[in-house]
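For reference, the structure discussed in these notes is given below.
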Amino acid sequence: MRYTKKFPSSFFFAVFMLLSGLANAQASLTWDKATLEKANSAKDVTYMNAEEKRVVFYTNLVRLNPQLFLKTYVIPYVDSAKMRHDKYVTSLIKDLEKAKASDAFAPMNDLYGEAKNHAGDMGKSGNIGHNTSKGENFQKRIVTLKKTYTVVFENCQYGYDKALDVVMDLLIDEGITDYGHRKALLNSSLQYVGVSFQKHKKFKWNCVMVMGGEKI
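Okay, so the sequence shown: first residue is 2 according to my numbering, each after it adds one.
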């Protein structure tokens with residue numbers, strides 16, 4: 002879960018547009034076609050919008066080749082936003098330098114449904130976290146999903162409506178002592194994902210990612 006926002010949305014929109022041009026241009030020169038195709042696993046789903054699919058795409062890139070993602074996305078993003086190389090950024094760089102590649106996430110409708118429901122609930126109530134607005138905890142929320150998946154994780158991010166900002170924020174994971182969101186994105190035992198952006202009463206937007214392990 003992330004909700005800290007350091008910069009105004011207009012600044013990040015400008016940074017995102019700049020980074021999108023720089024990073025995507027660089028990526029087109031360095032990422033091979035087969036890897037880009039694998040990363041774009043959500044391209045044909047009809048239940049996600051374009052930005053939700055981009056979250057899957059960027060997450061898959063970092064899973065498929067952490068070192069190349071570091072060079073083509075993380076470093077340009079951090080440098081262009083003039084972020085300090087604090088312990089969170091430094092630890093991300095170190096983690097990606099040594100991370101092993103894992104399979105791309107496959108999108109799943111049931112995971113998307115849970116992500117959409119929770120993002121919608123948080124958005125309308127103005128709450129944050131993994132409990133529902135009625136106080137139901139995460140484990141109760143995912144009882145049905147646990148009948149299908151061996152394990153279910155969730156990342157919640159608040160404040161951004163652009164995929165690259167969301168993925169970078171979860172990877173940097175500022176303020177999270179165990180880097181739990183970063184670890185979830187890189188967790189090779191997780192294979193499936195659903196992503197939903199919904200408007201948020203307090204933070205304007207929230208993005209929820211629900212990730213599942215091997216199917217039972």
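Even glycine gets a Cβ: it sits at the ideal position worked out from N, Cα and C.
All values reported here derive from a predicted model rather than from experimental measurement.
CA-to-CA distance, residue j to residue i, given in whole angstroms
{"i": "I217", "j": "K54", "result": "25 Å"}
{"i": "L165", "j": "K141", "result": "30 Å"}
{"i": "Y59", "j": "G124", "result": "24 Å"}
{"i": "N132", "j": "H119", "result": "9 Å"}
{"i": "T36", "j": "A102", "result": "12 Å"}
{"i": "Y74", "j": "F106", "result": "19 Å"}
{"i": "S92", "j": "K184", "result": "12 Å"}
{"i": "Y78", "j": "P67", "result": "15 Å"}
{"i": "T178", "j": "Y89", "result": "9 Å"}
{"i": "H182", "j": "M169", "result": "11 Å"}
{"i": "D87", "j": "K95", "result": "12 Å"}
{"i": "L99", "j": "W32", "result": "Here the sequence assigns Lys to residue 99, which means Leu is not the residue at that position. C-alpha separation (whole angstroms): 19 Å."}
{"i": "K83", "j": "V194", "result": "31 Å"}
{"i": "Y150", "j": "E215", "result": "6 Å"}
{"i": "R259", "j": "N138", "result": "Coverage of the chain is limited to positions 2 through 217, which leaves residue 259 absent and any answer about it impossible."}
{"i": "I76", "j": "D111", "result": "34 Å"}
{"i": "T47", "j": "K34", "result": "23 Å"}
{"i": "L69", "j": "G130", "result": "32 Å"}
{"i": "L186", "j": "M109", "result": "16 Å"}
Given residue i as reference, the closest of the options once Cα atoms are compared
{"i": "E52", "options": "K203, S197, T91, K202", "result": "S197"}
{"i": "D104", "options": "Y48, T91, Q192, G214", "result": "Q192"}
{"i": "M49", "options": "N128, Y113, R183", "result": "Y113"}
{"i": "K163", "options": "E215, Q199, S81", "result": "Q199"}
{"i": "N188", "options": "K202, C208, M169, G213", "result": "G213"}
{"i": "W206", "options": "Q158, V194, P108, E215", "result": "Q158"}
Cβ-Cβ distance between residue i and residue j below 8 Å
{"i": "V167", "j": "V211", "result": "no"}
{"i": "F204", "j": "G176", "result": "no"}
{"i": "L171", "j": "V63", "result": "no"}
{"i": "L71", "j": "L97", "result": "yes"}
{"i": "V56", "j": "C208", "result": "yes"}
Contacts around residue i, its chain only, beta-carbon distance under 8 Å, and the 5 residues preceding and following it disregarded
{"i": "A15", "result": "Model confidence at A15 stands at a pLDDT of 43, short of 50, so the residue's coordinates are unreliable; what they give is reported in the following sentence. Taken in chain order, the list of residues that qualify is empty."}
{"i": "N61", "result": "K39, A40, N41, S42, A105, F106"}
{"i": "K202", "result": "G124, K125, S126, G127"}
Nonlocal neighbours in the same chain, by C-beta distance under 6 Å from residue i, ignoring five residues either side
{"i": "Y180", "result": "D174"}
{"i": "G136", "result": "none"}
{"i": "S190", "result": "G214"}
Close beta carbons around residue i, own chain, < 7 Å, minus the five adjacent residues each side
{"i": "S134", "result": "D122, S126, N128"}
{"i": "A116", "result": "G195, V196, S197, V209, M210, V211"}
Taking 8 Å as the threshold, find out whether the stretch 36–45 comes into contact with the stretch 139–147 through three or more Cβ pairs.
Look at the beta carbons and you see the stretch 36–45 not touching the stretch 139–147: under three pairs across the two are nearer than 8 Å.
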